[in-house]
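A.B. asks: There's a structure below that I have some questions on.
2 protein chains.
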Amino acid sequence: MPIPSTFLPTRRAFLALAVVAMLTLTAPDTRAQTDPLPSWNDGAAKSRIIDFVQRVTRQGGPDFVPVEERIATFDNDGTLWTEQPMYVQAAFVEERAKELARTNPELANRQPFKALLNGDKAALAALGEQGIADLMIATHSGITTAEFEATVTDWLAKARHPRFDRPYTSLTYQPMVELLAYLRANGFKTFIVSGGGVEFMRPWTEKAYGIPPEQVVGSSGKTAYRLEGDRPVIEKLPTVEFVDDGPGKPLGINRFIGRRPVFAAGNSDGDLQMLQWTTLNTGPRFALIVHHTDAEREYAYDRQSHVGRLDKALDEAPTRGWLVVDMRSDWRTIYKP
Amino acid sequence: MPIPSTFLPTRRAFLALAVVAMLTLTAPDTRAQTDPLPSWNDGAAKSRIIDFVQRVTRQGGPDFVPVEERIATFDNDGTLWTEQPMYVQAAFVEERAKELARTNPELANRQPFKALLNGDKAALAALGEQGIADLMIATHSGITTAEFEATVTDWLAKARHPRFDRPYTSLTYQPMVELLAYLRANGFKTFIVSGGGVEFMRPWTEKAYGIPPEQVVGSSGKTAYRLEGDRPVIEKLPTVEFVDDGPGKPLGINRFIGRRPVFAAGNSDGDLQMLQWTTLNTGPRFALIVHHTDAEREYAYDRQSHVGRLDKALDEAPTRGWLVVDMRSDWRTIYKP
């Protein structure tokens, strides 16, 4: 049927729309060609990442993954930000416990608070896991979730890293922040899956990584709901509920996300099972390990480290085809300047 | 500076792009004017919902809520689909337990399976909560998450509702499916927050409601991770981990979502605390209760019902300003024809 001439302007408008829609749809690829990962040095690591993303997003290609299945999970400590010389959350616990003890003489006179106030590392070490548990309970429970959030936000605003003298939230890895954004631009939904406390991370992950609270999976304590007059509160209780580490990570992914990831990143044996759960599956899958090899710009550690020990996962990496990122040679920049 | 004539075509193309971009951005509002809730009768209930959505999405208006905070949580049983004469998951447990007992003589000869096979309701009732717990354990544990998912999918494909003789997934409420879509078109992220098992819901919620697995919060059992050769599996264990009902709902929202909702919908006292947690907060908030008043097209029940009892929440609704939806008069259609 010939098209009446009166329809032509509409048809032209339709074609213009179609062209724009196509431009929009292909935008990620266009952008990819202008280097989506500028803080990564050119080389095998960067190429493998880009190649994977291009394969799984190529409509009609053999490795195409539908958008709704593009789930990417990232460990936090040592994978997205610096975890040396101690986990940031441990620094929070230490300073917060001191603060509580200073204003509460009853606490100040008993362990582990006394040892902490006196800087008595030997006494603290002698108290072992129970000492750490007591500090966690004192700093992480008996308050509402809203109060805890405010405490974390206040502390992060003033705390400084002992070596770099910068706020902890400025010690996120620029190459990983770029990787998160690159995956999202290609339809991935990015999640944190961390051994850290979920309520310690949620106040700042959206700003730091573009990851909203509802996409943060972490360890948690039990909570209780009550109504104070007409004000509902959730109180943090002194009982561990879930430890999102090691074999706990696939369980956390199963419980919170309910889909197996297509892409996962970690840096220690605490991520081993998450990388297995992600890659030992059918279809295209990708896992990477951030290997801390840069003592000058950051830290160098792996098999012997107390924080972020990387041993079994490093052994499994070659067999499983996991990408081991060499921080010193693969990353042009570590932190945002 | 005058624009050189050689730039004009580019400028025209840019303007065309800008117009299309604006059309795209305003699309939800345009659609809203063509009735976003056709299965709702015109009246106060429908008007209140639309008025709220327009207020919180009006950029620069006094009630504007940023997109990232537009969290909406929905109960499932009795709020999004029919829960009478028994919860769908209970029907699954009953049929699945019979199936297991038929192929396992050891089970067939002991309670509660014997009573179930013989249709001996008195014996079953006499076993009380322990009987139900035994049936839950037999049908929900000792298998992997992947096996459980397949079992649920298979069962839903063949099971039929006893009164309507239709698949359970076709007994979702069309007005609520429209409401979910309307909220999403206005930038809301929609979640299910249900007392039902999270792994019972996830296999079908995306297709039924447009809600992906990672936005389903529910009750769960403990799980364990292991590697079988090179195949990682998650096994469902016979221990309850979390009950996402009553006061558990705000706790589930806090743990899984980490943000307080702006909009919540429920139908029973199991939703009371979720509605409180949502609305007793600063800023514009909305809660609705689906009141089952339509014995002809669905069911009529509230204060005395064993399944989906609505008593305290109905008492609180007027004081709290919660919208009580009268299914019989407010809904033009119940199910998709």
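Same order as they appear, the protein sequences are chains A and B. At position 178 of the first sequence the residue is numbered 178 (the numbering used here), and the sequence of numbers has no breaks. Each position in the second sequence, counted from 1, maps to that position plus 337 in the numbering used here. Here a beta-carbon is modelled for each residue, glycine too, at the ideal position from N, C-alpha and C. All figures in this text were calculated on a predicted structure; none of them were measured in a lab.
Which residues of the region 564 to 595 of chain B have a Cβ closer than 7 angstroms to any Cβ of chain A? Give them in chain order.
C.D. replies: So the list reads Leu-564, Asp-567, Arg-568, Pro-569, Ile-571, Pro-584, Pro-587, Leu-588, Asn-591, Arg-592, Phe-593, Ile-594 and Gly-595, given in the order they occur along the chain.
A.B. asks: Would you say Pro-367 of chain A faces chain B, with C-beta separation under 8 angstroms as the test?
C.D. replies: Any question about residue 367 of chain A goes unanswered here, given that chain A covers just 1 to 337.
A.B. asks: Any idea what DSSP makes of Asp-667 of chain B, helix, strand or coil?
C.D. replies: Here Asp-667 of chain B sits in helix by DSSP.
A.B. asks: For Thr-410 of chain B, which three-state DSSP category applies?
C.D. replies: Correct three-state label for Thr-410 of chain B: strand.
A.B. asks: For Phe-579 of chain B, tell me which candidate among B:Arg-568, B:Pro-569, B:Trp-668 and B:Arg-592 has the shortest Cα-Cα distance.
C.D. replies: When only C-alpha atoms are compared, the closest one is B:Arg-592.
A.B. asks: Is the number of C-beta pairs between the region 619 to 631 of chain B and the region 581 to 588 of chain B that are closer than 8 angstroms three or more?
C.D. replies: Contact between the region 619 to 631 of chain B and the region 581 to 588 of chain B is absent, because fewer than three Cβ pairs lie under 8 angstroms.
A.B. asks: Taking just the CA atoms, how far does Pro-655 of chain B sit from Ala-545 of chain B?
C.D. replies: Going by the C-alpha atoms only, they are around 31 angstroms apart.
A.B. asks: Nearest to Gly-468 of chain B by alpha carbon, out of B:Gly-479, B:Pro-449 and B:Ala-494?
C.D. replies: Taking only the C-alpha atoms, the option nearest Gly-468 of chain B is B:Pro-449.
A.B. asks: Just curious, the alpha helix (DSSP H) that Leu-124 of chain A is in, first and last residue?
C.D. replies: Unbroken alpha helix (DSSP H) run through Leu-124 of chain A: 121 to 140.
A.B. asks: In the DSSP assignment, find the unbroken beta strand (DSSP E) run with Ala-637 of chain B in it and report its ends.
C.D. replies: Element bounds for Ala-637 of chain B: n/a, residue is neither H nor E.
A.B. asks: Quick check: the Cα distance between Leu-454 of chain B and Met-538 of chain B, rounded to an integer number of angstroms?
C.D. replies: Using only the alpha carbons, I get a separation of about 26 angstroms.
A.B. asks: Residues of the region 210 to 222 of chain A in Cβ contact with chain B at a cutoff of 7 angstroms, in chain order, please.
C.D. replies: Cβ contacts with chain B come from Pro-212, Pro-213, Glu-214, Val-216 and Ser-220.
A.B. asks: Buried or exposed, going by whether 16 or more other CB atoms sit within 10 Å of the CB of Glu-99 of chain A?
C.D. replies: By the 10 Å Cβ count, Glu-99 of chain A comes out exposed.
A.B. asks: Can you tell me which of the three DSSP states Ser-384 of chain B falls into?
C.D. replies: Three-state result, Ser-384 of chain B: helix.
A.B. asks: For Val-324 of chain A, which residues of its own chain have a beta-carbon under 8 angstroms away from its beta-carbon, when the five flanking residues on both sides are left out?
C.D. replies: Correct list, in chain order: Leu-288, Ile-289, His-291, Leu-314 and Ala-317.
A.B. asks: Examine chain B for any beta-carbon lying closer than 8 angstroms to the beta-carbon of Arg-202 of chain A, and answer yes or no.
C.D. replies: Closer than 8 angstroms to some Cβ of chain B, the Cβ of Arg-202 of chain A qualifies, so yes.
A.B. asks: Identify, in the order they occur along the chain, each residue of the same chain with its Cβ nearer than 8 angstroms to the Cβ of Ile-474 of chain B, setting aside the five sequence neighbours on each side.
C.D. replies: Pro-575.
A.B. asks: Just tell me which of B:Trp-418, B:Phe-401, B:Ser-507 and B:Asn-604 has its CA closest to the CA of Tyr-638 of chain B.
C.D. replies: Checking every option, the nearest Cα to that of Tyr-638 of chain B belongs to B:Asn-604.
A.B. asks: Could you work out which residues of chain B lie near Glu-68 of chain A, taking near to mean beta carbons separated by less than 8 angstroms?
C.D. replies: Within 8 angstroms Cβ-Cβ: Glu-543 and Pro-549.
A.B. asks: Are the region 171 to 191 of chain A and the region 143 to 159 of chain A touching, with three or more C-beta to C-beta distances below 8 angstroms?
C.D. replies: Touching, no.
A.B. asks: Going along chain B, which residues have a C-beta under 9 angstroms from Gln-273 of chain A?
C.D. replies: Simply Tyr-562, Leu-564 and Pro-569.
A.B. asks: Can you find the residues in the same chain that come closer than 6 angstroms, C-beta to C-beta, to Val-425 of chain B, ignoring five residues on each side of it along the sequence?
C.D. replies: Tyr-505, listed in sequence order.
A.B. asks: If you follow the alpha helix (DSSP H) that Phe-593 of chain B is part of, which residue opens it and which one closes it?
C.D. replies: First-last of the alpha helix (DSSP H) with Phe-593 of chain B: 585 to 593.
A.B. asks: By the criterion of Cβ-Cβ separation under 8 angstroms, what are the contact partners of Thr-482 of chain B in chain A?
C.D. replies: Within chain A, the residues near Thr-482 of chain B are Asn-254.
A.B. asks: Nearest-angstrom Cα distance between Thr-630 of chain B and Phe-525 of chain B?
C.D. replies: About 28 angstroms.
A.B. asks: For Val-93 of chain A, decide whether its Cβ has a neighbour in chain B, counting only Cβ atoms nearer than 8 angstroms.
C.D. replies: So no, Val-93 of chain A is outside the interface.
A.B. asks: At a CB-CB cut-off below 8 angstroms, which residues of chain B make contact with Val-198 of chain A?
C.D. replies: Arg-592 and Gly-595, listed in chain order.
A.B. asks: Measuring straight from C-alpha to C-alpha, what distance separates Arg-226 of chain A and Trp-322 of chain A?
C.D. replies: Rounded to whole angstroms, Arg-226 of chain A to Trp-322 of chain A spans 47 angstroms at the Cα level.
A.B. asks: Got a sec: is the Cβ-Cβ distance from Leu-156 of chain A to anything in chain B below 8 angstroms?
C.D. replies: So no, Leu-156 of chain A is outside the interface.
A.B. asks: My output table needs one value for Pro-238 of chain A: the three-state DSSP class, helix, strand or coil.
C.D. replies: Strand.
A.B. asks: Skipping 5 residues on each side, what residues in its chain have a beta carbon closer than 8 angstroms to that of Ile-408 of chain B?
C.D. replies: If we look at Ile-408 of chain B and ignore the five residues flanking it on each side, its Cβ neighbours are Phe-525, Lys-526, Phe-528, Ile-594, Arg-596, Arg-597, Pro-598, Val-599 and Phe-600.
A.B. asks: Would you say Leu-517 of chain B faces chain A, with C-beta separation under 8 angstroms as the test?
C.D. replies: For Leu-517 of chain B, the answer is no, since every Cβ of chain A falls outside 8 angstroms of its Cβ.
A.B. asks: How long is the line joining the alpha carbons of Lys-249 of chain A and Glu-129 of chain A, rounded to whole angstroms?
C.D. replies: Approximately 22 angstroms between the Cα atoms of the pair.
A.B. asks: Where does Ser-220 of chain A fall in DSSP's three states?
C.D. replies: Ser-220 of chain A: strand per DSSP, three-state reduction.
A.B. asks: I'd like to know if Gln-89 of chain A contacts chain B, where contact means its C-beta is closer than 8 angstroms to some C-beta of that chain.
C.D. replies: No, Gln-89 of chain A does not count as interfacial toward chain B.
A.B. asks: Going along chain A in order, which residues have a C-beta closer than 8 angstroms to the C-beta of Trp-659 of chain B?
C.D. replies: By Cβ distance, chain A contributes nothing, its closest Cβ being about 14 angstroms from Trp-659 of chain B, past 8 angstroms.
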